[in-house]
Structures are given as C-alpha cells and as structure tokens.
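Be aware that the sequence shown starts at 1, since it is given in the working numbering, and climbs by one per residue. The beta carbon of each residue, even a glycine, is placed where N, CA and C say it ideally should be. Below is one structure, written out as structure tokens; comments come after it.
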Amino acid sequence: LPQDNVITQGTWWETKHDNAFSKQNRDEQHYSLVSVEEDAAKHLGLSLGSLFTLDIQGVPLTAKVASIRKVDWSSFSMNFFMIFEPSALEGAPFTAIATARIPKSLEQPLQQAIVETMPNVTA
C-alpha cells in the first residue's frame, strides 16, 4: 500500500495470485483484485466486492474491488485511481514510469543520458 494511501473499506491483498491476465481466459471464476480510489469508485458506481471489466488493448479483464482507499493527492507522489494486485496484469501491454529526485544541476545531464541510452523514453 503506497504511504500516501489509507484503506477506508476492505483489505489490501496479502499474497500474490496466479497470473490473472492470462488465467482469466481459462477460468471465469478467477478475478483480479483491485483497490480503487474513493472518488473514482463513487464516480464509477463501484463498491466493495463489485465486479467490472476493463478492455486492455482488446483483451477483457474482469476485476473485483478488494478495497477502497483515500489518496493524498497533495503529496505529489505517484498515485493511481486503481492499483491491481501483483501479477494481475502480467503479460499485458504496459508503460513503465519512474521518478527521480536529483539536484537541479544534474537534471539536464541525466535527461540527455537517458535519451541517448533509451531514445523511446520521454522526460
């Protein structure tokens, strides 16, 4: 659970399930667990135990709401409206993100080094 998040309903998962992204196509009773930010849950009409289906580049993934969380958006940490259990999206197309805190004088050299090494990365 990210440090700027507080579970208000339900529980955070304790263990890692099998690879849900590919398993779900074989076993309709297996649902990936997801924690949803409270305002997003309200807006989408989701509550604890709700099932909903996402389309991940043409592949349907049905998830079950395991928890609702309050997020401190003012922290400027990497926060998300939905957090899936580990391995839920294993095998799915993805984009990786990262943040780094470095002295101002090193920002430009770091950006240049990243672009030279990995030209498909954006800053």
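Backbone CA spacing between G91 and F81 [nearest angstrom]:
In the sequence shown, counting from the first residue as 1, residue 91 sits at position 91. In the sequence shown, counting from the first residue as 1, residue 81 sits at position 81. Approximately 21 angstroms between the Cα atoms of the pair.
With the cut-off set at 8 angstroms, would you say E46 and G10 are in Cβ contact? For this step, residue 46 is matched to residue 46 along the sequence shown. For this step, residue 10 is matched to residue 10 along the sequence shown. Residue 46 is actually Leu in this sequence, not Glu. Contact: no.
**Q.** Simplified DSSP assignment, three categories, for V121
**A.** Stepping through the sequence shown from its first residue, residue 121 is reached at position 121. Looking at V121 - three-state DSSP - the assignment turns out to be coil, as it is neither helix nor strand.
query: Is E37 helix, strand or coil when you go by DSSP?
result: The residue you call residue 37 lines up with position 37 of the sequence shown. Strand, per DSSP.
* Is the Cβ-Cβ distance between S35 and S75 less than 8 angstroms? -> Start at 1 with the first residue of the sequence shown, and residue 35 comes out as number 35. Start at 1 with the first residue of the sequence shown, and residue 75 comes out as number 75. Not in contact: S35 and S75 (Cβ atoms no closer than 8 angstroms).
Are D4 and V65 close, meaning C-beta to C-beta below 8 angstroms? Indexing the sequence shown from 1 puts residue 4 at position 4. Indexing the sequence shown from 1 puts residue 65 at position 65. Contact flag unset, no.
| said: Measuring alpha carbon to alpha carbon, tell me which residue in P109, E38, L61 is nearest A88. | reply: As a working mapping, residue 88 is identified with position 88 in the sequence shown. Closest option to A88, Cα to Cα, is L61.
Practice problem: Could you check if R69 is buried or exposed, using at least 16 other CB atoms within 10 Å of its CB as the buried criterion? | Solution: Residue 69 sits at position 69 when you count from the first residue of the sequence shown. Buried: at least 16 other Cβ atoms inside 10 Å.
Does the beta-carbon distance from S32 to F84 come in below 8 angstroms? For the purposes of this step, residue 32 is taken as residue 32 along the sequence shown, with counting starting at 1. For the purposes of this step, residue 84 is taken as residue 84 along the sequence shown, with counting starting at 1. Yes, Cβ-Cβ distance for S32 and F84 is below 8 angstroms.
| task | Using beta-carbon positions only, say whether T8 and E37 come within less than 8 angstroms of one another. | result | For this step, residue 8 is matched to residue 8 along the sequence shown. For this step, residue 37 is matched to residue 37 along the sequence shown. No, they are not a contact pair.
Below 8 angstroms between beta carbons: does that hold for A40 and L54?
Position 40 of the sequence shown holds residue 40. Position 54 of the sequence shown holds residue 54. Not a contact, by the Cβ cut-off of 8 angstroms.
So what does DSSP say about I102, is it helix, strand or coil?
If you number the sequence shown from 1, residue 102 lands on position 102. I102: coil per DSSP, three-state reduction.
Practice problem: Could you tell me the distance, in whole angstroms, from the CA atom of I97 to the CA atom of V115? | Solution: In the sequence shown, counting from the first residue as 1, residue 97 sits at position 97. In the sequence shown, counting from the first residue as 1, residue 115 sits at position 115. So the alpha carbons of these two residues sit roughly 15 angstroms apart.
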